[in-house]
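Structure, as structure tokens:
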Amino acid sequence: MATTTATATASSSSAQSQLVNPIHPDFHGYLDPDFIEYYNTRLATRPATHQAPVDFAHIRAHPEEFRPHWCRDYSDRPRVKTVEIASGDGFIFQLRVYSPDPEVFGPGPYAVHVNYHGGGFCFGDLTEDAEYCMTVCERVGIVVVDVDYRLCPEHKFGKGTEDGWAALNWVHTHSTQINTRSDSISIGGVSAGGFMACIYQHMARDAGLDLRLAVLCVPTVQDRTPFRRPEDAGFPSYVENALAPCLNWTRLTFLKDVVGDRSRVPSLWNEPLHAPDFTGICDSFIATAGADPVRDEGEAYGMRLVGGGCKVTFRRYTGVPHIFQHMAELAKTKLYVDDTCAALKNAHA
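So for the sequence shown, UniProt numbering puts the first residue at 1; every next one is plus one.
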């Protein structure tokens, strides 16, 4: 038995040394075994986008070369259509609309969920969350509208926020076109998309647009521009997870530099964590990851919602990092999908 164990350990150590981005030793006892296997097989064998010169013009021209393996193009599936709408400044962008099977869920009109993908405001498109959008549509029986908002650096920070708000208002006013109910709308997003959804919670309240729920997955909620080291962020999770897989301090710094100047947008669009008024905000489901630098700020945002009298469901998924929700094979990812589908079904009941 001792020989077998020693051999396995040596083999594991050798395999680990051959990885481009091995997991830091501090995290081996903290991360779930199924994530470690998934990461070593699917993610650690190639450089991350921040580890090589990045040509964003090439990325936009050839996105298929850079998409993570979980991306899906469901544009040709039954009951999936792509529509074009105009942002506030006239910019034309796309929405992808996923509609339920009427033989299963009836003819409608249906409740609707508006989704904003992540990617640090620099990456992502309508393939990023396609699997999740399709799953929610098929399991909950609601329309899901995915938003292809503008990205940095070719567009100034804040332009994507304009697009996301235009999309939410379009969904609200075009219910007949997409066979939805204007009185049963929810929003949500992952990471940067969660950041945007936080902003729209406040904007929707101010505009009198009632939302049933906001699903905020690993949301970033503050401006990291002034931070020079993890300790500057003001939350222990930045220090604890400065060397975490998938999202760490190095990648956060890279994304901050690509985004560039954030000073010209309204303060809410820059730091929803420090919004002046948290009363009257819609119900929220906040999902955080244990091995994530932004874990604590997402939970702090949730506590500000609670302080404003809002109903908030908190879920911390331990043993996984920032982008776990895309890794369909993981036990925690399956739990996250189950939890959010149940929350959406309850919100739209």
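Cβ atoms here follow ideal geometry from the backbone N, Cα and C, with glycine treated the same way.
Leaving aside the five residues before and after residue i along the sequence, list all residues of the same chain whose C-beta is less than 7 Å from its C-beta, in chain order.
i: Arg-262; result: Phe-157, Asp-223, Thr-225 and Asn-270
i: Cys-152; result: Phe-121, Cys-122, Val-258, Val-259 and Gly-260
i: Phe-314; result: Ile-286, Glu-299 and Gly-302
i: Tyr-200; result: Gly-164, Trp-165, Leu-168 and Ile-187
Spatial neighbours of residue i within its chain, please: C-beta separation below 6 Å, excluding the five flanking residues on both sides.
i: residue 357; result: This structure gives no information on residue 357, because the portion of the chain shown stretches from 1 to 349.
i: His-322; result: Val-218, Cys-246, Leu-247, Ala-289 and Asp-292
i: Ala-10; result: Any reading at Ala-10 needs caution, since the residue's pLDDT is 37, under 50, leaving its predicted position unreliable; the model's value is listed next. Once the five neighbours on either side are set aside, Ala-10 has no close Cβ partner at all.
i: Trp-70; result: His-326
Return helix, strand or coil for residue i, following the three-state DSSP convention.
i: Phe-98; result: Reading off the sequence, residue 98 comes out as Tyr, not Phe. Tyr-98: strand per DSSP, three-state reduction.
i: Ile-199; result: helix
i: Tyr-110; result: strand
i: Ser-186; result: strand
i: Lys-311; result: coil
i: Tyr-30; result: coil
i: Phe-227; result: coil
i: Phe-93; result: strand
i: Lys-334; result: helix
i: Tyr-74; result: coil
Does the beta-carbon of residue i have 16 or more other beta-carbons within 10 angstroms, so that it is buried, or is it exposed?
i: Gln-177; result: exposed
i: His-202; result: buried
i: Ile-286; result: buried
i: Arg-316; result: exposed
i: residue 361; result: Summary: the structure shown does not reach residue 361, with the chain confined to residues 1 through 349, and so no result is reported for it.
i: Val-83; result: exposed
i: Lys-334; result: exposed
i: Val-20; result: exposed
Taking a contact to mean a Cβ-Cβ separation below 9 Å, would you say residue i touches residue j in this structure?
i: Arg-77; j: Thr-127; result: no
i: Trp-124; j: Ala-204; result: Here the sequence assigns Gly to residue 124, which means Trp is not the residue at that position. No, these two residues do not count as a Cβ contact at 9 Å.
i: His-113; j: Val-147; result: no
i: His-274; j: Val-190; result: no
i: Glu-103; j: Val-221; result: no
i: Ala-214; j: Cys-133; result: no
i: Val-111; j: His-348; result: It should be pointed out that residue 111 corresponds to Ala in this sequence rather than to Val. Closer than 9 Å, so yes.
i: Met-196; j: Thr-161; result: yes
i: Tyr-38; j: Glu-240; result: no
i: Phe-235; j: Arg-295; result: yes
i: Arg-24; j: Ala-207; result: Sequence inspection shows His at residue 24; the Arg mentioned does not correspond to that position. No, they are not a contact pair.
i: Phe-66; j: Thr-41; result: no
i: Phe-93; j: Tyr-149; result: yes
Excluding the five sequence neighbours on either side, which residues of its own chain have a C-beta within less than 8 Å of the C-beta of residue i, listed in chain order?
i: Gly-319; result: Tyr-30, Leu-31, Asp-32, Phe-35, Gly-290, Ala-291 and Lys-332
i: Trp-170; result: Ile-85 and Leu-95
i: Leu-268; result: Ile-199, His-202, Met-203 and Ala-275
If we cut at 9 Å on Cβ distances, does residue i have a partner in chain D?
i: Asn-169; result: Among the chains of the structure shown, chain D does not appear; only one protein chain is present.
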